[in-house]
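Take a look at the structure set out below.
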Amino acid sequence: MTALMLQGTGSDVGKSVLVAGLCRALPTRGLRVMRFKPQNMSNNAAVTVDGGEIGRAQALQALACRVPPHSDMNPVLLKPQADMTSQLVVHGRVRGTLGADNFRMGRGALLGEVLESFARLRGQCDMVMVEGAGSPAEINLRAGDIANMGFARAARVPVVLVGDIDRGGVIAAVVGTKTVLDPADAATIRGFIINKFRGDPALFADGYRQIEELSGWPGFGLVPWLPSAALLPSEDAVRLERPSDPADGRLVIACPILPRISNFDDLDPLKLEPAVELVMVPPGRSIPAEATLVVLPGSKASLADLAFLRTQGWDIDIAAHRRRGGMVLGLCGGYQMLGRSIADPLGLEGPPTTAAGLDLLDLDTVLTPEKTLRPVAGEALGASFHGYEMHLGETSGPGLARPFARFADGRPDGAISPDGRVLGTYVHGLLADPAQRAALLARLGATAVGTDYETAVDQALDRIAEDLERHLDIDALIRVAREGLAASG
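Under my numbering, think of the first position of the sequence shown as 184, with each following residue one higher.
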């Protein structure tokens, strides 16, 4: 069995994109490849073929491998929610919560189950590409670690360290990582990759050599900034881009960024539409008055995010938007917020409570411990769609008499207001379907170009793989993987 793990000098250094690109590139050498992430923390998740859930980036990497996503690919998923706790998902299923008081002990006890998932995957392929989380340089988190060195040493998988030159200080980041690591942990690292370089590579030749000399590790390549990565769904944070001038005639669709926003890649397909200006509204800014559609996104903690929405005055902005005749779309947790009330009698998101919703749909939601996880397909707005459900809670009320969608098995989903301008649904991934995206934009008076989002993502993975072929010594990475940790670790 061959395996290689990419760890980073910090979060968001590009590990997920590099792993995805390698998962697409390695099969050209005749290797059957699987991907694996022992532990992840993210509210962006995807439904798996075995009826569980894993991080969104891990599902993307499965796509890069051209295999269905499976819960073994991300056996431990932590989903941050209210009150400094995270929902604990193990092998795709909710197993309770972890808080500050039991975080280290709780995750450390899961190493055996992580290794079981890894063993099942490695039996199905020639090579497993493993992604770490955060950074091994966070040595304050080393005790009980299952995400980085704790896993690498237990599974005897060699590590390559990724540094992000775009954020600056990459020499110190790579060399400093070796300095703070326990020598046995440092011995698992076989080299480094410098990521996100802009400009002439010759300008960093001396810096690259100095990293090799100071760390004692060889470099495996200098990867340039990859424009195609912008088409890939982001896992850990909403990408904030400088908004363009709305006076250019494009249709403005606005989405407030809630603290516990989840599955925000639901909106990524809108970026393929030249007629649309997608505005992600950060805290402290008003929802733009020129918006034609306001989208309330998914949320890992609907009640907490509903309260935050009110502290920002976004409820007032939405009410004014409605008075102007604007449309509102609620997705999953955002759909729950559009109703009359949300109740949490069991304290699933915090202390038991009930809160008034935005009262834009004649519905009430009660949060329940059973989580709905399933792929769905059907028809909505007069067009077909496919997507998935991933939510807690049961929604009821007179508003359901006007469903937003009907699944292929005949079940209704969501609701539409009597005037047709407030829409709510539990379906994620809705706008990835070009027919459904076109139907929504037609309601807004715009025309969609009809680009298939999944095809666009797949083509982006191909381009990233081609770039990595040019800029990384992939043959050397394979040799490191095959050598394993037999000599040390």
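Beta carbons are placed, not taken as given, at the ideal position from N, Cα and C, and that holds for glycine.
Check, Outcome
"Tell me whether M267 is buried or exposed, calling it buried when 16 or more other Cβ atoms sit within 10 Å of its Cβ.", "exposed"
"Helix, strand or coil for A412? Go by DSSP, reduced to three states.", "helix"
"Put K262 into one of helix, strand or coil per three-state DSSP.", "strand"
"In terms of residues, what are the limits of the beta strand (DSSP E) holding S579?", "A566 to S579"
"Does the beta-carbon distance from A490 to A538 come in below 8 Å?", "yes"
"Keeping to the same chain, check which residues put their C-beta closer than 7 Å to that of A369; ignore five residues upstream and five downstream.", "K361"
"Quick check on the DSSP output: what are the complete beta strand (DSSP E) runs of length 3 or more inside the stretch 268–327, in order along the chain?", "268–273, 276–282 and 310–314"
"Quick check: what's the CA-CA separation for V477 versus G580?", "23 Å"
"Cα-Cα, which of V610, L479, S254 and L546 is closest to R594?", "V610"
"Pick helix, strand or coil for T608, following the three-state DSSP scheme.", "strand"
"By Cβ distance, which residues of its chain are closer than 6 Å to E424, with the 5 residues on each side in sequence left out?", "In this predicted model, E424 has a pLDDT of only 48, less than 50, meaning its place in the structure is not dependable enough to derive any value."
"Provide the residue span of the beta strand (DSSP E) that contains S524, from first to last.", "S524 to D527"
"Quick one: measure Cβ to Cβ for I605 and L660, integer angstroms, because I've assumed they're closer than 8 Å.", "Before going further, note that residue 605 is Val rather than Ile in the sequence given. Not a contact, Cβ separation roughly 51 Å."
"If A228 sits next to L260, beta carbons under 8 Å apart, how far is it from one beta carbon to the other, in whole angstroms?", "7 Å"
"What are the partner residues of C438, as DSSP defines its beta bridges?", "M463"
"Reducing DSSP to helix, strand and coil, say where I679 ends up.", "Since the first residue shown for the chain is 184 and the last is 672, residue 679 is missing from the structure and cannot be characterised."
"Between the Cα of I499 and those of S524, T371, P401 and S469, spot the shortest distance and give me the residue it belongs to.", "S469"
"Return the Cβ separation of L486 and E456 in integer angstroms, given the expectation that the two are a contact with Cβ distance under 8 Å.", "So it is not a contact: roughly 33 Å between Cβ atoms."
"Which whole-angstrom value is the C-beta distance of M256 and R218, which I expect to be below 8 Å?", "6 Å"
"Would you identify the three-state DSSP class for P595, choosing helix, strand or coil?", "strand"
"For the candidate residues S600, D542 and G291, whose alpha-carbon lies nearest to that of M332?", "G291"
"Are the beta-carbon atoms of S482 and R523 separated by less than 8 Å?", "no"
"Return yes when the Cβ of A629 is within less than 8 Å of the Cβ of V435, no when it is not.", "no"
"According to the neighbour-count rule (16 or more other Cβ atoms, all chains shown, within 10 Å of its Cβ), is P465 buried or exposed?", "exposed"
"Just checking, does the stretch 352–367 make contact with the stretch 197–211 on the three C-beta pairs under 8 Å criterion?", "no"
"Q474: buried (16+ other C-beta within 10 angstroms of its C-beta) or exposed?", "One detail in the question is off: residue 474 reads as Ala in this sequence, not Gln. Counting Cβ neighbours within 10 Å, A474 comes out buried, since at least 16 surround it."
"For I599, I'd like the list of residues in its chain whose CB is within less than 6 Å of its CB, leaving aside the five on either flank, ordered along the chain.", "R585, F587 and L606"
"Take the Cβ of L187 as the centre, count every other Cβ of all protein chains shown within 10 Å, and call the residue buried at 16 or more, exposed below.", "buried"
"In whole angstroms, what is the alpha-carbon distance linking V559 and V357?", "45 Å"
"On the DSSP letters alone, give me the boundaries of the alpha helix (DSSP H) that L489 sits inside.", "S485 to T494"
"Please name the residue in T634, G517 and I525 whose C-alpha comes closest to that of T536.", "I525"
"Can you tell me the Cα-Cα spacing of P210 and F301, whole angstroms?", "20 Å"
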